[in-house]
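**Student:** After the structure tokens below, expect a handful of questions from me.
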Amino acid sequence: MKPVDVLIVSDVRIYRDGIALALRGDHRFATIMLVGTVEEALASAHGRRPDVVLLDLAGDGLATIAELARSLPGLPVVVLAVPEAEEFILACTEAGAAGYVTRDGSLDSLADAIQDAMRGEFRCPPRISRLLSLRLFALRSTPVARDGAARLSDREEEVLDLMGQGLSNKQIARALGIAVATAKNHVHRILTKLALGRRGDVVRLRAARLAHAELNHGSSMGVGHP
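Structure (structure tokens):
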């Protein structure tokens, strides 16, 4: 993966300067841009688009995530915040966040979250990841979603997996050797069958299914039991 260009958004200068200093010492990152407000972030991103936005969440944070996601479509936003609560992190993901790191996390975990977001993967604290996976798996197991999954064809299962990795219709078509229009039709049918509102829900669903599978595997191996 090429070095990542990051735009740090924080209204506390010493905080964003400290994060920038750490990231600049990491070979996985290239240009580090710093701004203090969402307005400055939008202006900066339109001038020189970064690969990932790191948002220090404060105030009306959910509205800020939504504004960035709406104004900069396709640009991953990793949230840096205090609450380590299931409902709050779920709300952040619904607003458009591509990753979540608590302020008491390590710099390594922050760097990993930015890298994961660049790859289309969602990262949050392990404890919360387990809770989210179980909750999302429960949603996945509702009659509508379960029946829809049972009706997915083999090809739609392939497309679903690629969607979950964050691939576009064009990338899916190239990976499967099909026309873009065909890939688009598959995507539409999958969203309809699984009663999902948007592609981002598929990414979270895939992460939930993988995490749930890992939890089950860990339980079967006796992991986490004295």
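Note that the sequence shown ends on residue 226 in full-length UniProt numbering; no numbers are left out.
Glycine included, every Cβ here is placed at the ideal spot set by N, Cα and C.
1) Helix, strand or coil: how does DSSP classify Asp-147 here?
2) Assign Ser-153 to one of two classes, buried (16 or more other C-beta atoms within 10 Å of its C-beta) or exposed (fewer than that).
3) Is the Cβ-Cβ distance between Ile-114 and Val-12 less than 8 Å?
4) Can you tell me the Cβ-Cβ gap for Pro-50 and Val-6, rounded? I've got them flagged as a contact below 8 Å.
5) Between Ala-111 and Asp-26, which are expected to be in contact by the criterion C-beta below 8 Å, what is the C-beta distance as a whole number of angstroms?
6) State the Cα-Cα distance for the pair Leu-54 and Leu-90, rounded to the nearest angstrom.
7) For Val-35, which residues from the same chain have a beta carbon less than 6 Å from its beta carbon, with the 5 sequence-adjacent residues on both sides left out?
8) Taking its Cβ as the centre, do 16 or more other Cβ atoms sit within 10 Å of Ile-14, making it buried, or is it exposed?
9) What's the gap between the Cα of Ala-85 and the Cα of Ala-97?
10) May I ask which residues mark the beginning and end of the alpha helix (DSSP H) holding Asp-5?
11) Reducing DSSP to helix, strand and coil, say where Val-82 ends up.
12) Look up Leu-191 in the DSSP assignment and say whether it is helix, strand or coil.
13) Less than 8 Å between the C-beta atoms of Leu-80 and Val-38, yes or no?
14) State the Cα-Cα distance for the pair Arg-123 and Asn-185, rounded to the nearest angstrom.
15) Check whether the Cβ of Ser-153 lies closer than 7 Å to any heavy atom of the ligand FMN, and answer yes or no.
16) With respect to the beta strand (DSSP E) encompassing Ile-32, which residues constitute its N-terminal and C-terminal limits?
17) Can you tell me which of the three DSSP states Asp-56 falls into?
18) Output the distance between the C-alpha atoms of Asp-108 and Met-1, rounded to the nearest integer angstrom.
**Tutor:** So, from the listed chains and residues:
1) In this predicted model, Asp-147 has a pLDDT of only 48, less than 50, meaning its place in the structure is not dependable; the value taken from the coordinates is given anyway. Helix.
2) Ser-153 should be labelled exposed.
3) If you check the CB distance, Ile-114 and Val-12 do not come in under 8 Å.
4) About 6 Å separates the beta carbon of Pro-50 from that of Val-6, a gap short enough to meet the 8 Å contact definition.
5) The Cβ separation is near 6 Å, so the contact holds.
6) If you take the alpha carbons of Leu-54 and Leu-90, they lie about 18 Å apart.
7) Within the same chain, Cβ atoms closer than 6 Å to the Cβ of Val-35 are found at Val-9, Ala-41 and Ser-44, the five residues on either side in sequence being excluded.
8) The residue in question, Ile-14, is exposed, as its Cβ has fewer than 16 Cβ neighbours within 10 Å.
9) Their backbone Cα atoms lie some 15 Å apart in a straight line.
10) Per DSSP, Asp-5 belongs to no alpha helix (DSSP H); it is in the beta strand (DSSP E), 4-9.
11) Val-82: coil per DSSP, three-state reduction.
12) Per DSSP, reduced to three states, the secondary structure at Leu-191 is helical.
13) No, they are not a contact pair.
14) Going from the Cα of Arg-123 to the Cα of Asn-185 covers about 29 Å.
15) As presented, the structure is devoid of all ligands, the ligand FMN included, so that no description of it is given.
16) Looking at the DSSP string, the run of the beta strand (DSSP E) that includes Ile-32 is 29-35.
17) The answer is strand: DSSP assigns Asp-56 an E or B state.
18) Computed Cα separation, rounded: 17 Å.
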